[in-house]
Ligand SMILES: [Zn+2]
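Numbering (the numbering used here), first residue to last: -10 to 264.
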């Protein structure tokens, strides 16, 4: 299977497999990035007992990208809207994964070189940001709860305030996630979104009643995020979407909806290159 399309290239090596955004590859002298694929890397194990296995998986991915996995910084991701700036590594000889200062955090921003910002997901949207002018990078986890809290918008605002980013230059890449075809909600969640995003929802078909099923709706969280980002000043051509649904492609991608309790996680990483 090859998931390459106009937005992404599917890379396979002997050890690992990942997607890279064509748009970000235009800046490969400045940044390195990837979204893991293939399920041979089960990042869920970071959270559970098998930390070592997850570290081996990160090692393979990082090695293939010529990155040092000890430079990984990864927050614990609580489906909230807290975003933090990363100034430096805390641990010297191991990744900063789930360390206290990044608790309750769902997004990271930095201008520092060599730090690898990492997030994980199984259906949620991971958004990788890059500003080619100020060379600011960000990695944001936005599931439906994060989307509802507009974490993507808050990330853009934080990049503007803290790092002087002009949103007109900012690139946002949305990784594979659950899509409208499979993101089904009941009345409570539908009502929440309808109320919060009235104006947007009305003008863009973001919520649709599921055909032939009473009391179920499909929400297009990708489109909602895109519209929200455009309203922050991002250019349409700078908002890149893989158009890949994790549920539709659950043979190659982890999906919480498909795998249920035993679900695994894919990872998105981005790093600024050193001199
Ligand atoms: Zn789908």
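Backbone N, C-alpha and C define an ideal beta-carbon position, used for all residues, glycine too.
Among the residues of its own chain, which have a CB less than 8 Å from the CB of residue i, if the five just before and after it don't count?
| i | result |
| --- | --- |
| residue 134 | 68 and 69 |
| residue 82 | 59 |
| residue 88 | 79 and 80 |
If I'm right that residue i touches residue j with Cβ under 8 Å, what's the distance once you round it to whole angstroms?
| i | j | result |
| --- | --- | --- |
| residue 21 | residue -8 | Actually they are not in contact, since the Cβ atoms of residue 21 and residue -8 sit about 19 Å apart, beyond 8 Å. |
| residue 101 | residue 75 | 7 Å |
| residue 96 | residue 128 | 7 Å |
| residue 258 | residue 23 | 6 Å |
| residue 140 | residue 72 | 7 Å |
| residue 86 | residue 260 | Wrong, their Cβ atoms sit about 15 Å apart, outside the cutoff. |
| residue 169 | residue 98 | Not quite, the Cβ-Cβ distance comes to about 28 Å (not below 8 Å), so this is no contact. |
| residue 124 | residue 19 | 6 Å |
Taking 7 Å as the line, does the beta carbon of residue i fall inside it for any heavy atom of ligand 3?
| i | result |
| --- | --- |
| residue 168 | In the structure shown, ligand 3 is absent; the only ligands present are ligand 1. |
On a CA-only basis, which of the options is nearest residue i? Give me that one, please.
| i | options | result |
| --- | --- | --- |
| residue 229 | 82, 6, 14 and 48 | 14 |
| residue 115 | 122, 64 and 123 | 64 |
| residue 111 | 256, 262 and 263 | 256 |
| residue 2 | 51, -5 and 159 | 51 |
| residue 160 | 10, 4, 136 and 139 | 10 |
| residue 227 | 121, 166 and 153 | 121 |
| residue 163 | 66, 19 and 212 | 212 |
| residue 222 | 202, 91, 165 and 143 | 143 |
| residue 189 | 215, 200 and 199 | 215 |
| residue -5 | 224, 5, 12 and 126 | 12 |
| residue 195 | 233, 137, 94 and 107 | 137 |
| residue 84 | 117, 66, 93 and 40 | 40 |
| residue 93 | 250, 130, 66 and 118 | 66 |
| residue 132 | 251, 244, 7 and -10 | 244 |
| residue 17 | 7, 145 and 54 | 54 |
| residue 263 | 5, -3, 103 and 4 | 103 |
| residue -10 | 185, 203, 27 and 251 | 27 |
| residue -1 | 249, 233, 254 and 250 | 233 |
| residue 231 | 191, 219, 165 and 117 | 165 |
| residue 252 | 77, 109 and 46 | 109 |
| residue 193 | 182, 203 and 200 | 182 |
Near residue i, what residues of its chain come up, given a Cβ to Cβ distance below 6 Å and the 5 sequence neighbours on each side ignored?
| i | result |
| --- | --- |
| residue 167 | 112, 235 and 236 |
| residue 239 | 247 |
| residue 6 | 26 and 27 |
Which same chain residues end up closer than 7 Å to residue i when comparing Cβ atoms and leaving out the 5 residues on each side of it in sequence?
| i | result |
| --- | --- |
| residue 158 | 120, 121 and 122 |
| residue 198 | 206 |
| residue 156 | 145, 149, 221, 222 and 223 |
| residue 217 | 139, 141 and 142 |
| residue 185 | 137 |
Under 8 Å: do the stretch 174 to 181 and the stretch 202 to 214 share three or more Cβ pairs, one atom per stretch? yes
Whether or not the stretch 151 to 158 and the stretch 167 to 175 are in contact is what I'm after, with contact meaning three or more pairs of Cβ atoms, one per stretch, closer than 8 Å; do they touch? no
Could I get the ranges of all uninterrupted alpha helix (DSSP H) runs contained in the stretch 18 to 89, with 4 residues as the minimum, in chain order? 40 to 53
What are the uninterrupted segments assigned as alpha helix (DSSP H) that are 4 or more residues long and contained completely in the stretch 149 to 217, given in chain order? 176 to 185 and 187 to 193
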